[in-house]
Amino acid sequence: MRASSASERAWEMMVYFGVGVFFLVTLPLSNGWAQSDQIPILTIKPLAHAKLYLMVGDYRRAVEACQENIDRNPSVEAYVYLAYVYQAIDGYLGSLAKQEDYVKVEQLALNLTTRHILDLIDPPNVMPRMAQELIHEGLRQQFDLTAAMANRLSRTRTDELWSQQTRWRELKPDSWWTGTPDEWQW
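As numbered in the numbering used here, the sequence shown has no gaps in its residue numbers, which increase by one up to the final residue, 186.
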């Protein structure tokens, strides 16, 4: 072995060692270790989605987003928010019935029942006036159930949240179901 090749080999090893030390020092500082408690998780807020869905009238997805919120963050607020979405759907349904806009009642029924691509070629048959009654009754039952769950967690907090939504409804009597109270910060 020549002296120059031995010194080159030693130099290579020092470089590799230096790079290794560099990574050992910098990776923990940059949160680069792949340990489960250190992996940053991108959190998407289901309530932000629910608010958008309410705005555009996609009530099925608004309900699903609130249900996802309960799964992620079970709390009195989460149950009240879901109950509010049920009331928002019922408020929208009531406004359509008052206007006798049964085409939109049918669209609402389709929005609530359509879930799969198959529904495009085999849509659920909906009789708008019957759908109105069925939707109203189903919403009432789900609201009662969800509100009772919220009350079991904290009646005081539930009452506080309902007073906020009551003020919201008074401010926007003809469109309250398209959004949420500002205090809720969805």
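Using N, Cα and C, we set each Cβ at its ideal position, and we do this for glycine too.
Smallest Cα separation from residue i: which of the options?
| i | options | result |
| --- | --- | --- |
| Q87 | A62, Q107, M130 and K98 | A62 |
| I135 | L82, M55, K45 and L93 | L93 |
| V80 | R167, A148, Q185 and Q107 | A148 |
| Q165 | S5, R129, E183 and N151 | E183 |
| E103 | H116, S7 and M130 | Note on residue identity: the sequence assigns Val, not Glu, to residue 103. Per the Cα distances, M130. |
Buried or exposed: which applies to residue i, given that a residue is buried once 16 or more other Cβ atoms fall within 10 Å of its Cβ?
| i | result |
| --- | --- |
| N69 | buried |
| I89 | buried |
| Q99 | exposed |
| E77 | buried |
| H49 | buried |
| W11 | exposed |
| P181 | buried |
| L145 | exposed |
| P173 | exposed |
| P74 | exposed |
Nearest-angstrom Cα distance between residue i and residue j?
| i | j | result |
| --- | --- | --- |
| T113 | L153 | 30 Å |
| Y84 | D58 | 15 Å |
| L171 | L54 | 17 Å |
| L108 | G91 | 12 Å |
| A195 | P128 | No answer is possible for residue 195: the residues shown for the chain start at 1 and end at 186. |
| W186 | A65 | 11 Å |
| E137 | S95 | 16 Å |
| F143 | E160 | 17 Å |
| W33 | I117 | Here W33 scores only 44 on pLDDT, less than 50, and its place in the model should not be relied on; the value that follows carries that caveat. Taking the straight line joining both Cα atoms gives about 41 Å. |
| R115 | V56 | 17 Å |
| R167 | T178 | 15 Å |
Thinking C-beta only, is residue j closer than 8 Å to residue i?
| i | j | result |
| --- | --- | --- |
| L82 | Q67 | yes |
| T156 | A150 | no |
| Q141 | V105 | no |
| N125 | R60 | no |
| R169 | W176 | yes |
| P46 | R72 | yes |
Say yes only if the C-beta of residue i is nearer than 7 Å to one or more non-hydrogen atoms of the ligand HEM, and no if none qualify.
| i | result |
| --- | --- |
| A97 | This structure lacks the ligand HEM; in fact it carries no ligand of any kind. |
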